[in-house]
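Visitor: Before I ask anything, let me first share the structure, which is written out below as structure tokens.
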Amino acid sequence: MPPKRLEIGKYGLVVSFVILLTCNRIGFVVSHEYANEVHTPQVQRTSYHFQPLKNWMNDPNGPMFYKGIYHFFYQHNPNGAVFNSKMVWAHSISYDLINWVHLNHALEPTDPFDINGCWSGSVSFLPENKPRILYTGIDSSSQQVQNLAIPANYSDPFLEKWRKFSQNPIIAPPDGLERNRFRDPTTAWQGPDGEWRVAIGGQTSYGGAAMLYRSEDFVRWHQFRFPLYSSQDSGTWECPDFYPVMLNGTNGIGFSSGFGVGVKYVMKASFNSSDHYTLGSYVPEKEKFTSDYGPGFDFKGINLGLRYDYGKFYASKTFYDSSQKRRILWGWVNESDSRQDDINKGWSGLQAIPRKIWLSKTGRQLIQWPVKEIKMLRRNHFSLHHKELRGRSTMEVLGGSASQVDVEVSFELPYLEEAESVDTRWGVLDPQVLCSKRDASVNGRVGPFGLLVLASNDLSEHTAIYFHILKAHNRYVVLMCSDQSRSSFRKEVDKTAHGAFVDIDPCYKKISLRTLVDHSIVESFGGKGKTCITSRVYPTLAVNNNARLYAFNNGTQTVVISSLKAWNMSNAEIK
Numbered sequence: 001m002p003p004k005r006l007e008i009g010k011y012g013l014v015v016s017f018v019i020l021l022t023c024n025r026i027g028f029v030v031s032h033e034y035a036n037e038v039h040t041p042q043v044q045r046t047s048y049h050f051q052p053l054k055n056w057m058n059d060p061n062g063p064m065f066y067k068g069i070y071h072f073f074y075q076h077n078p079n080g081a082v083f084n085s086k087m088v089w090a091h092s093i094s095y096d097l098i099n100w101v102h103l104n105h106a107l108e109p110t111d112p113f114d115i116n117g118c119w120s121g122s123v124s125f126l127p128e129n130k131p132r133i134l135y136t137g138i139d140s141s142s143q144q145v146q147n148l149a150i151p152a153n154y155s156d157p158f159l160e161k162w163r164k165f166s167q168n169p170i171i172a173p174p175d176g177l178e179r180n181r182f183r184d185p186t187t188a189w190q191g192p193d194g195e196w197r198v199a200i201g202g203q204t205s206y207g208g209a210a211m212l213y214r215s216e217d218f219v220r221w222h223q224f225r226f227p228l229y230s231s232q233d234s235g236t237w238e239c240p241d242f243y244p245v246m247l248n249g250t251n252g253i254g255f256s257s258g259f260g261v262g263v264k265y266v267m268k269a270s271f272n273s274s275d276h277y278t279l280g281s282y283v284p285e286k287e288k289f290t291s292d293y294g295p296g297f298d299f300k301g302i303n304l305g306l307r308y309d310y311g312k313f314y315a316s317k318t319f320y321d322s323s324q325k326r327r328i329l330w331g332w333v334n335e336s337d338s339r340q341d342d343i344n345k346g347w348s349g350l351q352a353i354p355r356k357i358w359l360s361k362t363g364r365q366l367i368q369w370p371v372k373e374i375k376m377l378r379r380n381h382f383s384l385h386h387k388e389l390r391g392r393s394t395m396e397v398l399g400g401s402a403s404q405v406d407v408e409v410s411f412e413l414p415y416l417e418e419a420e421s422v423d424t425r426w427g428v429l430d431p432q433v434l435c436s437k438r439d440a441s442v443n444g445r446v447g448p449f450g451l452l453v454l455a456s457n458d459l460s461e462h463t464a465i466y467f468h469i470l471k472a473h474n475r476y477v478v479l480m481c482s483d484q485s486r487s488s489f490r491k492e493v494d495k496t497a498h499g500a501f502v503d504i505d506p507c508y509k510k511i512s513l514r515t516l517v518d519h520s521i522v523e524s525f526g527g528k529g530k531t532c533i534t535s536r537v538y539p540t541l542a543v544n545n546n547a548r549l550y551a552f553n554n555g556t557q558t559v560v561i562s563s564l565k566a567w568n569m570s571n572a573e574i575k
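Using UniProt numbering, the first residue of the sequence shown is number 1, and each one after it goes up by one.
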């Protein structure tokens, strides 16, 4: 078919810089912010993760699928590589969630109700598939209010222009609430009575909370007496998310068919630099969400506390992709170097690869996996099977550049009974502490074993993603860690270890690991997506063609690589 062309103008300006979205051969005119940019390659910059060409990015906002196109909005400072309260809603589009074109900003601070910033929010679909944006504005008195924006032209599949509602703000902070702790409205949903509901994050007398509102017309909103859910000791909730998941199968579901049997609900909140969630039931007639862990559950427990990701992953947002009948998760991954480093680079922040998300067969947790479209970037396939990895050994994989790779590996444990015991006298085990004390260099029995990524030829620089099998509470536990302690010779970067347990029984199942590496980000999925850890690292030697990939075993007992598949990854088109 002949190429389509989208003329994107702003304030009468038509930008003539056209790029090609390779997979669809469709031409677009890109954002005027980037039209004349010339960029010097940087070893830390990613090649297939989403990020703007320059400046600061944080929260994902309002992702959606509309008229055959994926839309992604995000918090962006167009004027610098550091956070600034006067944020905009930047806007990009894609046909496949991997290759993206930056459009002009959807929302900018221009009115009294958002003059100090257009902060995070969500997109909701009204009848006849009409999208609406609800977002937090920082008004002229610096309080946080909720605003409405509507597409200027529903027939435009690119949704280039948005019109702010003339009667904004539509929700002001309730009495007794701090004016700067009332933000980030969720996707709205319609109850059985036909009225709309939306939850807004904040800090109340109940603790961190998702405050609940209802409306008949999506304009006039009324607060319920009690929050949809709250957590006494969690601090201010940011970017809450609330959605249904099916009890059986991996397909996603929207709220339009989400009430009734066969459904569980996810309540997620962002606080303390992590995204926490709990699973439970929702009775719309009573506006009550109840956690499966009981009414008093408040996200605090180390073992009970569920997170999307146990590394760097925050302010996430899901959406229901009706075209593929799946729910997709986006998450912001911030930097681990300094503010001055960001200024010197000219950019800060990126997004994790979009993940399909669904309920595990046990019903106890969510499963996450990179969207299938990422496979289109794979090339130079390498594989091996049934390879013994003896104690205290390493084995190079690929044999060439490994700065952009996707690797899947499965381990068998023939000497599981040799696993060492861990002291449980002090009660609950903290996986983060265990990973810090038992890093990848420690010689255990069954582990540490896993992958060394972004490794230099002499292994003086590497990031280790590994498992360590331990005996605790009369059973085996699988510890998964990401060890950044040797990731870089740079002194000023954060090299905190990340860790979590993987809910599998190694007596009956192989232990699997999938890791995506892209220059300065490492995304790892343990136990087929049961446990996820994302890290930011800044190697000085293991960069570009000098980066290597190894399998390793620092335990005394042999483990078996039952299967290993690895691919180099091509660049995504993000222009």
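Backbone N, C-alpha and C define an ideal beta-carbon position, used for all residues, glycine too.
#1: Are the beta-carbon atoms belonging to Tyr465 and Ser485 less than 9 Å from one another?
#2: May I ask which residues mark the beginning and end of the beta strand (DSSP E) holding Pro63?
#3: By a C-beta neighbour count over all protein chains shown, 10 Å radius and 16 as the cutoff for buried, is Ala152 buried or exposed?
#4: Counting along the chain, where does the beta strand (DSSP E) carrying Leu454 start and finish?
#5: Could you check where the beta strand (DSSP E) with Arg179 kicks off and where it finishes?
#6: Quick one: residues in its chain with C-beta nearer than 6 Å to the C-beta of Ala188, no 5 flanking neighbours on either side, listed in chain order?
#7: According to DSSP, simplified to helix, strand and coil, what is Ile561?
#8: Assuming the contact rule is C-beta atoms closer than 8 Å, Ile533 and Ala500 should be a hit. Round their C-beta distance to whole Å, please.
#9: Given this structure, state the Cα-to-Cα distance separating Phe113 from Val266, to the nearest angstrom.
#10: Going by the CB atoms, is the gap between Pro60 and Met87 shorter than 9 Å?
#11: Can you check which of these residues, Val446, Tyr66, Lys67 and Asn58, is closest to Trp89 by C-alpha distance?
#12: For Tyr320 and Asn334, I'd like the C-alpha separation in whole angstroms.
#13: Just list the beta strand (DSSP E) runs in the stretch 513 to 555, keeping only unbroken ones of 3 residues or longer that don't cross its boundaries, in chain order.
#14: Identify, in the order they occur along the chain, each residue of the same chain with its Cβ nearer than 7 Å to the Cβ of Asp67, setting aside the five sequence neighbours on each side.
#15: Pull up the distance between the alpha-carbon of Phe226 and that of Ser85, whole angstroms please.
#16: Out of Ile511, Val493 and Lys491, which has the shortest C-alpha to C-alpha gap to Val478?
#17: Return helix, strand or coil for Ile200, following the three-state DSSP convention.
#18: At 4 residues or longer, what runs of the alpha helix (DSSP H) sit wholly inside the stretch 298 to 383?
#19: Along the chain, where does the beta strand (DSSP E) containing Ser230 start, and where does it finish?
#20: With DSSP as the reference, label Pro431 as helix, strand or coil.
#21: Mind checking which residues open and close the beta strand (DSSP E) that includes Glu290?
#22: Count Cβ pairs between the stretch 341 to 352 and the stretch 260 to 277 that sit closer than 8 Å; are there 3 or more?
#23: Assuming Ile504 contacts Leu389 (C-beta within less than 8 Å), just tell me the rounded distance between them.
#24: At a cut-off of 8 Å, is Ser140 close to the ligand GDP when judged by its beta-carbon and the heavy atoms of the ligand?
#25: My guess is that Lys268 and Val245 are in contact by the Cβ rule of under 8 Å, so how many angstroms apart are they, rounded?
#26: Under 9 Å between the Cβ atoms of Tyr74 and Ile93?
#27: Can you say whether Val522 is buried or exposed, counting buried as having 16 or more other CB atoms within 10 angstroms of its CB?
#28: From Phe467 to Ile357, what does the alpha carbon distance come to, in whole angstroms?
#29: Should Leu350 be labelled buried (16 or more other beta-carbon atoms within 10 Å of its own) or exposed?
#30: Let me know the secondary structure DSSP gives Lys495 once reduced to three states.
Guide: In short, the structure shows the following:
#1: Strictly speaking, residue 465 in this sequence is Ile, with Tyr absent from that position. Between Ile465 and Ser485, the CB-CB gap reaches or exceeds 9 Å.
#2: Unbroken beta strand (DSSP E) run through Pro63: Asn55 to Tyr66.
#3: Result: exposed.
#4: Segment Phe449 to Ala455, the beta strand (DSSP E) holding Leu454.
#5: Following the DSSP letters along the chain, one finds Arg179 in no beta strand (DSSP E), marked with neither H nor E.
#6: Within the same chain, Ala188 has close Cβ partners Ser124, Trp196 and Val198.
#7: In the three-state reduction of the DSSP assignment, Ile561 falls in the strand class, which pools E and B.
#8: The beta-carbon distance between Ile533 and Ala500, rounded to whole angstroms, is 7 Å. This is short enough to meet the 8 Å contact definition.
#9: Val266 has its alpha-carbon roughly 31 Å from the corresponding atom of Phe113.
#10: No, the pair does not count as a contact, with Cβ atoms beyond the cut-off.
#11: Nearest in C-alpha terms to Trp89, of all of Val446, Tyr66, Lys67 and Asn58, is Asn58.
#12: Tyr320 and Asn334: Cα-Cα distance of roughly 25 Å.
#13: Those beta strand (DSSP E) runs which fall completely within the stretch 513 to 555 and span 3+ residues are 521 to 526, 531 to 536 and 548 to 553.
#14: Note on identity: in this sequence residue 67 is Lys, with Asp being the wrong assignment. Excluding sequence neighbours, Lys67 sits near Pro157.
#15: Rounded to whole angstroms, Phe226 to Ser85 spans 30 Å at the Cα level.
#16: Residue Ile511 is the option with its Cα nearest to Val478.
#17: The three-state reading of DSSP puts Ile200 in strand, counting E and B together.
#18: Those alpha helix (DSSP H) runs which fall completely within the stretch 298 to 383 and span 4+ residues are 339 to 345.
#19: Counting along the chain, the unbroken beta strand (DSSP E) around Ser230 starts and ends at Tyr229 to Ser231.
#20: Residue state, collapsed to three classes: helix.
#21: The question names Glu, but residue 290 in the sequence shown is Thr. Its beta strand (DSSP E) spans residues Lys288 to Ser291.
#22: The stretch 341 to 352 makes no contact with the stretch 260 to 277, as fewer than three CB pairs between them are under 8 Å.
#23: Not quite, the Cβ-Cβ distance comes to about 19 Å (not below 8 Å), so this is no contact.
#24: This structure lacks the ligand GDP; in fact it carries no ligand of any kind.
#25: Contact between Lys268 and Val245 does not hold, since their C-beta atoms are separated by about 11 Å, which reaches or exceeds 8 Å.
#26: Taking the C-beta atoms as reference points, Ile93 is found no nearer than 9 Å to Tyr74.
#27: That one is buried.
#28: About 23 Å.
#29: Looking at its Cβ environment, which holds 16 or more other Cβ atoms inside 10 Å, Leu350 is buried.
#30: Looking at Lys495 - three-state DSSP - the assignment turns out to be coil, as it is neither helix nor strand.
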